[in-house]
Amino acid sequence: MDHYLPHTEEDLKEMFFKIGVKDFSELLAPVPPEILLKKKLNLPPALTEVEALAHLKQLSYLNRSERYYTCFMGGGAYDHFIPAAVDAVISRSEFYTAYTPYQAEASQGTLQAIYEYQSMICALTGMDAANASHYDGATALAEAMYLACNHTGREKVLVSRGVHPHYREVLATYAHASGIQVELVSLTDGVTDQRISEEALSNSAAVIVQNPNFLGFIEEVPQFVEKAHNAGALMVVSADPISLGLLEAPGKQGADVVTGEGQGLGNALNFGGPYLGIFAVKKPLMRRLPGRIIGATTDNQGRRGFVMTLQTREQHIRREKATSNICTNQSLCALAACVTLTLLGEEGLKEMADLCLQKAHYLASKIAKINGF
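For the numbering used here, add 4 to where a residue sits in the sequence shown, where the first one is 1.
Right, dumping it as structure tokens:
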């Protein structure tokens with residue numbers, strides 16, 4: 005028995021009538037004849053389900069994942085240990101979607117999970133508000149650039165060369181489409197050069213650094229905060245969330261916007277995606293925060309509940325004037341991060357960060373002994 009049930013003749017007639025054509029050939033009439041396929045596709049005979057599964061398994065044996073090899077990819081993609089409880093929670097049918105229904109009463113569990121995630125991100129980054137999730141670290145940083153330009157009314161940003169090169173490419177793409185000028189700030193001894201001229205700062209919307217930067221150096225964030233604020237610019241930091249188990253939170257250092265890549269918090273490498281964009285701001289910028297925000301409230305009987313708040317910023321209401329088109333696209337990845345942080349706790353995250361630090365230095369010391377390095 006086929007699992008696919010094709011359209012009936014009546015279905016086709018109804019659809020053709022609805023769109024104003026008499027048959028399938030008339031539907032294809034606008035397509036130039038020279039690019040239409042005039043013969044049947046050369047496909048092999050159909051396989052049964054058993055045969056198809058066996059064939060796909062055979063193909064999968066050609067792959068070798070991180071389970072077979074030690075992964076040193078880095079740069080935002082990390083093969084960290086993922087506790088079994090993470091998959092056990094996020095694979096539950098109540099959670100297994102990135103979508104949040106617009107009826108809050110129909111999805112209290114999902115909304116509470118996102119609220120807890122936002123609370124943890126705020127505690128981790130030292131910020132006042134976080135969104136439900138972003139696509140990944142690169143797009144979160146690009147939207148932070150948009151936020152800064154919209155807030156200040158300026159159309160230039162200063163970006164450290166210590167920012168991940170792929171992130172800088174995404175920034176350049178977003179900037180090109182919006183007429184924003186991206187000016188790169190050089191590195192000195194591995195960290196961002198603090199000798200930024202007042203002229204460069206005077207018409208800049210933001211100073212953007214990554215900490216730790218792409219080369220693994222720790223940036224002097226407070227120094228840039230002072231320079232940026234004195235010039236009326238925002239300070240944007242792209243932070244690694246695990247490193248914050250050891251490093252001071254960017255919010256406590258004076259950052260206005262903190263973004264980051266959350267893949268390392270309970271999410272697999274996933275062939276490069278889906279990943280988790282972290283995005284948090286200080287309170288004065290809350291209404292410019294892109295994406296969904298979940299808030300806690302009480303109903304008319306005094307019971308605690310969770311709702312989507314400040315929705316007038318979003319695309320389903322403001323359309324093209326929205327702060328962003330992102331909604332809850334990565335909330336399943338955010339849930340994985342939430343479960344991971346819950347399992348780790350404050351001391352566990354600190355230990356995880358310390359292990360990463362020790363092993364990175366151990367690897368560097370061994371590589372340095374190889375001829376040619």
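Quick reminder that beta carbons are idealized off the backbone N, C-alpha and C, glycines included. Since we're looking at a predicted model, the values are computed, not measured.
**Request:** Just the C-alpha distance for G249 and V167, rounded to the nearest angstrom, thanks.
**Result:** Mapped onto the sequence shown, residue 249 falls at position 245. Mapped onto the sequence shown, residue 167 falls at position 163. Spanning the two alpha carbons is a distance of roughly 20 Å.
**Prompt:** According to DSSP, which residues form a beta bridge with G78?
**Reply:** Here the question's residue 78 lines up with position 74 in the sequence shown. Answer is A81, bridged to G78.
**Item:** Integer Cβ distance of I282 from G266, believed to fall under 8 Å
**Value:** As a working mapping, residue 282 is identified with position 278 in the sequence shown. As a working mapping, residue 266 is identified with position 262 in the sequence shown. I282 to G266, Cβ: 5 Å. Contact.
**8 Å CB neighbourhood of Q234 in its chain, flanking five on each side removed** = On the sequence shown, position 230 is the one that residue 234 refers to. With the sequence shown as reference, residue 234 is identified as Asn, and Gln is not the correct amino acid for it. Same-chain partners within the cutoff: L205.
**Asked** Which one of H138, K363, S247 and E223 has the shortest CA to CA distance from S328?
**Response** Indexing the sequence shown from 1 puts residue 328 at position 324. Per the Cα distances, H138.
**Asked** What are the start and end residues of the alpha helix (DSSP H) that includes K61?
**Response** As a first step, residue 61 must be located in the sequence shown, where it is residue number 57. Note, K61: alpha helix (DSSP H), E53 to S64.
**Request:** Output the distance between the C-alpha atoms of K287 and Y65, rounded to the nearest integer angstrom.
**Result:** Position 283 of the sequence shown, counting from 1, holds the residue named residue 287. Position 61 of the sequence shown, counting from 1, holds the residue named residue 65. Approximately 51 Å, taken between the alpha carbons.
**Item:** DSSP three-state assignment for R323, whether helix, strand or coil
**Value:** Numbered from its first residue, the sequence shown carries residue 323 at position 319. In the structure shown, R323 sits in a helix (DSSP, three-state: H, G or I).
**Asked** If you scan the segment 191–270 from start to end, which runs of the beta strand (DSSP E) of 3 or more residues do you find wholly inside it?
**Response** 210–215, 238–243 and 261–265
**Item:** Bridge partner(s) assigned by DSSP for M312
**Value:** As a first step, residue 312 must be located in the sequence shown, where it is residue number 308. Answer is I298, bridged to M312.
**Prompt:** From this set, V343, A368, K373 and N135, which residue's C-alpha is nearest N271's C-alpha?
**Reply:** The residue labelled residue 271 in the question sits at position 267 within the sequence shown. Considering only alpha carbons, the answer is V343.
**Request:** Given a cut-off of 8 Å, decide if A33 and T129 are closer than it, judged by their beta-carbon atoms.
**Result:** Within the sequence shown, residue 129 is the residue found at index 125, counting from 1. Within the sequence shown, residue 33 is the residue found at index 29, counting from 1. No.
**Request:** From the DSSP output, in three-state form, read off Q305 for me.
**Result:** Walking along the sequence shown from the start, residue 305 turns up at place 301. In this structure, Q305 counts as coil in the three-state DSSP scheme.
**Asked** Roughly how many whole angstroms lie between the Cα atoms of T143 and C337?
**Response** Residue 143 sits at position 139 when you count from the first residue of the sequence shown. Residue 337 sits at position 333 when you count from the first residue of the sequence shown. The alpha-carbon atoms of T143 and C337 are separated by roughly 15 Å.
**Of the listed residues K354, F310 and Q315, nearest to E109 (C-alpha basis)** = The residue you call residue 109 lines up with position 105 of the sequence shown. Residue F310 is the option with its Cα nearest to E109.
**Prompt:** Can you tell me whether M124 is buried or exposed, with buried defined as 16 or more other CB within 10 angstroms of its CB?
**Reply:** Translated into the one-based positions of the sequence shown, residue 124 becomes position 120. With 16 or more Cβ atoms within 10 Å of its Cβ, M124 is classed as buried.
**Request:** Kindly indicate which three-state DSSP category V161 falls into: helix, strand or coil?
**Result:** Locating residue 161 in the sequence shown gives position 157, counting from the first residue. Looking at V161 - three-state DSSP - the assignment turns out to be strand.
**Asked** Which residues in the same chain as N135 place their Cβ atom closer than 8 Å to its Cβ, once the five residues preceding and following it in sequence are excluded?
**Response** Position 131 of the sequence shown, counting from 1, holds the residue named residue 135. So the qualifying residues of the chain are Q122, F283, A284, L293, P294, G295, R296, I297 and I330.
**Prompt:** Looking at C-alpha atoms only, which residue of P216, I184 and Q185 is the closest neighbour of G194?
**Reply:** For the purposes of this step, residue 194 is taken as residue 190 along the sequence shown, with counting starting at 1. For G194, the nearest C-alpha among the options comes from P216.
**Item:** 8 Å Cβ cutoff met for V213 and A152
**Value:** In the sequence shown, the residue the question calls residue 213 occupies position 209. In the sequence shown, the residue the question calls residue 152 occupies position 148. No, Cβ-Cβ distance for V213 and A152 is not below 8 Å.
**Asked** What's the gap between the Cα of A341 and the Cα of G276?
**Response** Locating residue 341 in the sequence shown gives position 337, counting from the first residue. Locating residue 276 in the sequence shown gives position 272, counting from the first residue. For A341 and G276, the distance between alpha carbons rounds to 17 Å.
**Prompt:** Given a threshold of 16 other Cβ atoms within 10 Å of its Cβ, counted over all protein chains shown, does P36 qualify as buried or as exposed?
**Reply:** For the purposes of this step, residue 36 is taken as the residue at position 32 of the sequence shown. Exposed.
**Asked** Exposed or buried, V54, counting other C-beta atoms within 10 Å across all chains shown (16 or more means buried)?
**Response** Within the sequence shown, residue 54 is the residue found at index 50, counting from 1. Under this definition V54 is an exposed residue.
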